[in-house]
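When we follow full-length UniProt numbering, the leftmost residue of the sequence shown carries the number 1, and every step to the right adds one.
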Amino acid sequence: MAEELMFKCLSALLLPDQSIRQAAEQQLNELSSQSGFGVTLARLSLSSGCPLPIRQLAGVVLKGYINAHWDSADVKFVEPQTTPQDKAAIRAILPQGLADPESKIRTASAMAIASIAHWDWPGEWPNLIEELSNVPTFTHVPRVKCLDMNNAQLMDGAIKCLEMFASGDNLSDEHLPRLIPLLFPHLLRIFSSDYPERIRARAGSIFYSCLEWLSVIKSVHAESTEAFRPFLPQWTAHFAEILAAPLTSPDADYGLKIVVLQILTILVMRFPKQLGPFLNGIVPQVWNSLVSALAIYEEFVVEGDGIEAAQDEEGEMRGLEMLIMLLLDFVQCLLSKKAFAQVFATSLPSLCALLISYMQITQNQLETWTDDPNEYVADEDDEIRFNARASCTHLLREIAQQFGQAATQAIALGVGKRLQESVKQQQSGNRSWWKLREASVLAVGSTAEVLINAPQGFDHHQFMAAILQPDLQTTASPFLRGRALWCASQFSHAVAADKSLPFIQAAVASLQSQQDPLPVKICACRALASYCPKLEDKGVIGQMVPPTVQGLAVLLGQTSEETLHLTLETLLVVLSTAGEAVRPFVEGLTQQLIRVWGQCINDPLITADIQDCLRVLAKIPDCAAMLKAALLPYLIQLISPAPEGKDEVIYGAREVSVRHAGPASVQLLTMLVHATPDMQPSDPLLTKAFPVLVQQLITTADNSLLNEGCACLSAYVSRAPGLLLQWNDGRSNGIGYILQFVGRLLQPSTSDMAALYVGPLVTKIISKFKTVKAFQLMDLHTDPHLQLGGQLGAGTLTDMLKAVLARLQTQCMPSLAQSLVLIFARLMMGGIVPGIGSPAQTKEIRDFLSSIQVAENTTALTFVFQTWAKQQDDFHGTLNIKASILGLLNLFCLQDQQLLSMPVEGDIIVQRDQGRSSRSKAKAGQTPVQRQTVPLAVKALKAAVQELMVMAEQKEGGGEDDGSDDSDVDEYQDDMKALMAEMGADPSTGGWLMDQLLDDHLDEEEEEDPDCVNDPLYQLDLKAFLEGFLKNFATQNREAFGMVANMLPSLEQRFLIDLLKRLASTSS
1 MAEELMFKCL
11 SALLLPDQSI
21 RQAAEQQLNE
31 LSSQSGFGVT
41 LARLSLSSGC
51 PLPIRQLAGV
61 VLKGYINAHW
71 DSADVKFVEP
81 QTTPQDKAAI
91 RAILPQGLAD
101 PESKIRTASA
111 MAIASIAHWD
121 WPGEWPNLIE
131 ELSNVPTFTH
141 VPRVKCLDMN
151 NAQLMDGAIK
161 CLEMFASGDN
171 LSDEHLPRLI
181 PLLFPHLLRI
191 FSSDYPERIR
201 ARAGSIFYSC
211 LEWLSVIKSV
221 HAESTEAFRP
231 FLPQWTAHFA
241 EILAAPLTSP
251 DADYGLKIVV
261 LQILTILVMR
271 FPKQLGPFLN
281 GIVPQVWNSL
291 VSALAIYEEF
301 VVEGDGIEAA
311 QDEEGEMRGL
321 EMLIMLLLDF
331 VQCLLSKKAF
341 AQVFATSLPS
351 LCALLISYMQ
361 ITQNQLETWT
371 DDPNEYVADE
381 DDEIRFNARA
391 SCTHLLREIA
401 QQFGQAATQA
411 IALGVGKRLQ
421 ESVKQQQSGN
431 RSWWKLREAS
441 VLAVGSTAEV
451 LINAPQGFDH
461 HQFMAAILQP
471 DLQTTASPFL
481 RGRALWCASQ
491 FSHAVAADKS
501 LPFIQAAVAS
511 LQSQQDPLPV
521 KICACRALAS
531 YCPKLEDKGV
541 IGQMVPPTVQ
551 GLAVLLGQTS
561 EETLHLTLET
571 LLVVLSTAGE
581 AVRPFVEGLT
591 QQLIRVWGQC
601 INDPLITADI
611 QDCLRVLAKI
621 PDCAAMLKAA
631 LLPYLIQLIS
641 PAPEGKDEVI
651 YGAREVSVRH
661 AGPASVQLLT
671 MLVHATPDMQ
681 PSDPLLTKAF
691 PVLVQQLITT
701 ADNSLLNEGC
711 ACLSAYVSRA
721 PGLLLQWNDG
731 RSNGIGYILQ
741 FVGRLLQPST
751 SDMAALYVGP
761 LVTKIISKFK
771 TVKAFQLMDL
781 HTDPHLQLGG
791 QLGAGTLTDM
801 LKAVLARLQT
811 QCMPSLAQSL
821 VLIFARLMMG
831 GIVPGIGSPA
841 QTKEIRDFLS
851 SIQVAENTTA
861 LTFVFQTWAK
871 QQDDFHGTLN
881 IKASILGLLN
891 LFCLQDQQLL
901 SMPVEGDIIV
911 QRDQGRSSRS
921 KAKAGQTPVQ
931 RQTVPLAVKA
941 LKAAVQELMV
951 MAEQKEGGGE
961 DDGSDDSDVD
971 EYQDDMKALM
981 AEMGADPSTG
991 GWLMDQLLDD
1001 HLDEEEEEDP
1011 DCVNDPLYQL
1021 DLKAFLEGFL
1031 KNFATQNREA
1041 FGMVANMLPS
1051 LEQRFLIDLL
1061 KRLASTSS
């Protein structure tokens, strides 16, 4: 291919004219299918006669070409595949770019070589690693080592290439066993040389990347772990030497020490047995580094304006503060391993005192928190903030958990030492004396739980009287006053009420004070949030509620963002504690909450806080009507459809987004409906809010609004089924509109996300309207005169169930499938538990499903149960899990052998040894999922056994880290990763997160819905029922039970045998 043509095409891509660029892109795409395309790009990228932008672009296009055309096994592969001749030519050309004078060209060449290496090393490019790390055969640089400072540019290019190969997705599990013996000696040579520290640090980073990947595959490739073990003595000796080097200045480049600590941290966490013998040479150097860094940290960070951190070429921090953070992180990792934690056993008091010093508020934090209290709240709430204060606080908690009584004494000694130093600073006139005292108080409050439970070593009563009470009056700093309030509240459950009263009064007084700054009020909120749940004296509650609620109401109007969030959380705790004592303030508080919501309606966190507060108010006797009168006009306004062509509605004097306001308003409307158990025909919830709601739901395309609408209409059906039949606007009655909405969601054209909660709404309709005799399950094939829409009848039910079946056949989201399957599950469990349906009902539904053909030779009964079995392991929510398991077990009561023997999906068959595995392979979902096929009876029995296994596991709880090697955990995690890959699952895609959110949502919904709480199924003791069912099944029908039980997986079989033995021994 002519280089001139390629040059013109690349030049056109850099022009501003979009049409020219598009034409050039089209031409480039056509050229990519021709032989020689990649070779020409490689030559252009290394041509010194070309302008640099063209060379760079050629390198970028070449990288894309390699990813798309190099190997047909690549998930991103596009025909045609690069010919062997072109591959060989590209492999011969690219290494020359590693020595190019231009850094960007070296980088482009390194990226391309690393991508090729994934596929061609060692097979087609067996000498690549030797060429990069030792004496190359590159024709343009004979007799020169790549990793040698005699040729700085070539060395830079070679290291870049190794960095890119060792990180990202280029390195695979097949590469590493071969790579370690070839590369590690050369990395060690560089690391231990007198080369510049940045070069040595880069060699260390490659070593770290290899260890990171090795930690993932070590359970499969144990030989790789053994291959790197011989290098550890030399590496760790150099680690100790590097860490022992003195800290020269606050603004020095500590990149080499930082890399050393990163390597040591991964060795501690993933290779503890291998590192163990060498720790004695490492830990003293880490300790000395922390001690020597403290003086610099206090001078330049705690008292000064901070340090301008050094950075590498990638923008990674390499300064003193980063070094301190990694030193602390290394100590944290050691403490997390019981076997290693003991290295600090004899120096705990000194370690605690050192950590307290690093916990001091820095000058930058002081200025930031004073200027913006929201940052103070955010920093206090976020325990993973990357700063020394947060890390040391977490470390102290780790020490307290690991060492128990010894930790209590050590913390007491450390705190005492720093408090004495603080007094001396104060006496010497140091205006920052309070910082060390505040850090000491923070240390005590952060470990309060352990200090309380220790039999001796720390007298918290004395600490509160001698330290905390005087600090309530200090004028040195509002942060010290606030910290004293917060710290005292951490001991609230271990201190008599009269001892806590001064601190409660101080917190309440702070909220009312016009002089106290926000930092004190913030800590007062935190303190009250801790004290209130433990208050039992109604007299104290009655005294504190009026000023507290008034103070918080004022604070609501003064705060924003994080501080407002904290204020609302505190208000929620106070309201929950106060109960009826808050009744006089409900009207004013409601108006204030409505006003705040209007200002923050687009903030989902603030909205959720306000909703929680309003829910508590709604539960106070005689307050629901007052709340409804205040809220309903605003909710109707916000639920109303926006004017055509607009995405906003008017709220007060503001325009607010329908996307944010609508769903939140429907949630509050649902709350009001649930709070009105005796709804009347004239109730504005029915006459005003309901018409607006259904009209919006029938027309809106907002998924969130549709989801919340399902819950709200379920609440209406729950609270006023008869009234919905009576209410009529001249076109339809209330239930007619609800059925219209249900029909819309069940349309195959409706998105899965929009229809996500239609299942519970259909179940609610069936449950409620059979009780008002609108249709009868026993008349499924009768009453032909009843029609869909205006009234409910048997025809309506069958039409609705047919619509559910049609939607179930088109869905693709598991959560929606579960929602729809559960409609049939609730109908199929009649008779297995007294008071829940009847056997006749179950048979009627079975016959109904058997009468419908959904495909050739497939009835709806087969389709529903096969879908049900596929989703069984993933149901969420207490009621749903019970309904599914009981529905399946009820099949044994039917004694329908044809149904019980129906083949359904069983466990996943894990396929191992499927070839090369890179870090992204799991995400690609390349491997198809294979499952066993089992009879439906086996699936039903396994569902019951697995649920009992989960209950037993939850009861036992988790074990503690014994400090042993993590290989068992690694193997489990590797198996889980392999399993996820088999399933094509990736938590980062959001499916996993959706499942977790659904679980939380459904459990909350069940707790709020009175029908759910009063449902006999909800009240059922599932453990006792399942144990009784299995025992009866095993004794009364031994032959059938034995046949099904013998087909269970071995783990379930062992559990079932043990369970039956235990039940038999208990009964005897």
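Glycine included, each C-beta is placed from N, C-alpha and C at the ideal position.
Can the beta-carbon of residue i be found less than 8 Å from the beta-carbon of residue j?
i	j	result
L188	Q262	no
A117	L128	yes
L335	I399	yes
V762	L805	no
W121	R91	no
L948	L1059	yes
L15	E25	no
A112	L154	no
How far does the beta strand (DSSP E) with residue i in it extend, from its first residue to its last?
i	result
A855	Q853 to A855
R931	R931 to P935
Output the boundary residues of the alpha helix (DSSP H) element that contains residue i.
i	result
V495	Where V495 is concerned, there is no enclosing alpha helix (DSSP H), given that its DSSP letter is neither H nor E.
N67	L52 to H69
H876	Per DSSP, H876 belongs to no alpha helix (DSSP H) and is neither H nor E.
H565	E561 to A578
N280	L279 to Y297
Q34	Taken as a continuous stretch (DSSP letters only), Q34 belongs to no alpha helix (DSSP H), as it is neither H nor E.
T763	V758 to F769
C487	P478 to S489
I206	E197 to I217
M464	That residue, M464, is in no alpha helix (DSSP H); it is neither H nor E in DSSP.
P246	No alpha helix (DSSP H) holds P246; DSSP gives it neither H nor E.
I129	L128 to S133
P1016	P1016 to Q1019
L746	That residue, L746, is in no alpha helix (DSSP H); it is neither H nor E in DSSP.
C812	Unbroken run through C812: none, as it is neither H nor E.
C523	L518 to Y531
So if DSSP puts residue i in a beta bridge, which residue, or which two residues, is it bridged to?
i	result
N453	According to DSSP, N453 bridges with nothing at all.
I908	R931
P903	P935
G97	Its beta-bridge partners do not exist; DSSP assigns none.
residue 1074	Outside the shown range of the chain (1 to 1068) lies residue 1074, about which nothing can therefore be said.
T858	A855
N728	N733
Take residue i as the anchor and find which of the options has the nearest alpha-carbon.
i	options	result
D169	P177, L10, W213 and I206	W213
L739	W119, S32 and I698	I698
P181	F207, G877 and Y531	F207
F228	S193, L247, K273 and L243	K273
D329	V268, P517, E316 and D305	V268
P604	A664, D371, M322 and G457	A664
L44	A108, L436, Q34 and Q841	A108
H565	S576, I522 and E367	I522
C50	G36, E4, E298 and E226	E4
S446	Q473, L745 and L355	L355
S530	L13, V495, I836 and I639	V495
P839	L861, L822 and D896	D896
G542	T567, A581 and L552	A581
Inset, instruction - Kindly provide the ranges of any alpha helix (DSSP H) runs that are 4 or more residues long and lie completely inside the stretch 368–401, ordered along the chain. - result: 373–381
Legend entry - Continuous alpha helix (DSSP H) assignments of at least 4 residues falling wholly in the stretch 666–715: 690–699
Legend entry - Secondary structure, beta strand (DSSP E): runs of 3+ residues fully inside the stretch 593–623: none
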